[in-house]
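Visitor:
Residue numbers (the working numbering): 57 to 301.
(1) Secondary structure at residue 226, three-state DSSP: helix, strand or coil?
(2) Following the continuous alpha helix (DSSP H) through residue 208, name the residue where it begins and the one where it ends.
(3) What are the uninterrupted segments assigned as beta strand (DSSP E) that are 3 or more residues long and contained completely in the segment 68-117, given in chain order?
(4) Residue 215: which of 186, 253 and 172 sits nearest, CA to CA?
(5) State the DSSP-derived secondary structure class of residue 219, mapped to helix, strand or coil.
(6) From the DSSP secondary-structure annotation, give me the bridge partner or partners of residue 236.
(7) Along the chain, where does the alpha helix (DSSP H) that runs through residue 186 open and close?
(8) Given this structure, state the Cα-to-Cα distance separating residue 129 from residue 240, to the nearest angstrom.
(9) Among residues of its own chain, excluding the 5 on either side of residue 250, which ones have a beta-carbon nearer than 8 Å to its beta-carbon?
(10) Flag this pair as yes or no: are the beta carbons of residue 135 and residue 208 separated by less than 9 Å?
(11) Given a threshold of 16 other Cβ atoms within 10 Å of its Cβ, counted over all protein chains shown, does residue 109 qualify as buried or as exposed?
(12) Taking the straight line between their C-alpha atoms, what separation do you get for residue 106 and residue 88?
(13) Going by other Cβ atoms of all chains shown within 10 Å of its Cβ, with 16 needed for buried, is residue 92 buried or exposed?
(14) Can you tell me whether residue 248 is helix, strand or coil according to DSSP?
(15) Output the boundary residues of the alpha helix (DSSP H) element that contains residue 168.
(16) Got a sec? Which residues, its chain only, sit under 7 Å from residue 65 by beta carbon, not counting five neighbours each side?
(17) I'd like the list of long-range same chain contacts for residue 175, defined as Cβ closer than 7 Å, with 5 residues on each side in sequence excluded.
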C-alpha cells in the first residue's frame, strides 16, 4: 500500500514537471508567434511600399511616353517646316536644283565664323563663349526654319526656359530676331537683319563675295580719284561711306 502511494506521488510529481515544461514551451511558442506577427506586419508594409514604387514607375513611364510623343510631333512639324522653306515651286527640277544649292551652302557653312563675328559685333559686351555659341546656334536654327515656338527653339538648342528667354532677349535687342503672335501662342522668326548677319558670315554664295570684293575695290579707287574738298565731310557722308565699307 505504501509503495502504491509513493508511486502515485512520484507520478504526480512527474506529471507536474511535465506540465510545467509544456507551459514553458507554450509560452516560448507564443512569444515566437508574436515575433512572427510583427515581422509579418513589417513585410506587409514593405510590400505596400514596393507596390507604391511600382505605381509611381508606371506613372513616370506614362509621362515619358507622353513627352516622347510630344517630341516626335515637334520633330515632324520641324521637318515639315524645313521642307516647306526649301521648296521653291511645283517644278521638280527647280526644287531639286534649289535643294542642291542649299545643301552645298550648308556644308560650306562655318559656325565658328558666325561666332567670331557675333563676339565682335558692335555693342556686344558679353564674353562668355558657350553662351554666345548657343545664341548663334539659336539664330542659325531660325535661319533654316520659317518660324519656331519658344519650346521648340529651346529644345533644338538644348537649353531651359530661363536661359532661352535670356538668349532670345539678347538677339531681339540687336534686332536679329523678332517674336510675333500672342504671348504664349506666338513664335520666333529671324529678321532681315538677322538673315544678312548670317549670310554675310561665310554662307553667302562665292559669286556674291567676289562681287562685293570687286565693288569695294572700285569704291576705294573712286574715292582716291575724286577726293572730297576739305571741310565738306558731314555726319551723313561719314555714315554712308561707313555703310559702303
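From the three backbone atoms N, C-alpha and C, an ideal C-beta is built for every residue, glycine too.
Guide: According to the data block:
(1) helix
(2) 206-213
(3) none
(4) 186
(5) helix
(6) 243
(7) 185-200
(8) 18 Å
(9) 195, 198, 199, 227, 231, 232 and 233
(10) no
(11) exposed
(12) 27 Å
(13) exposed
(14) helix
(15) 167-175
(16) none
(17) 188
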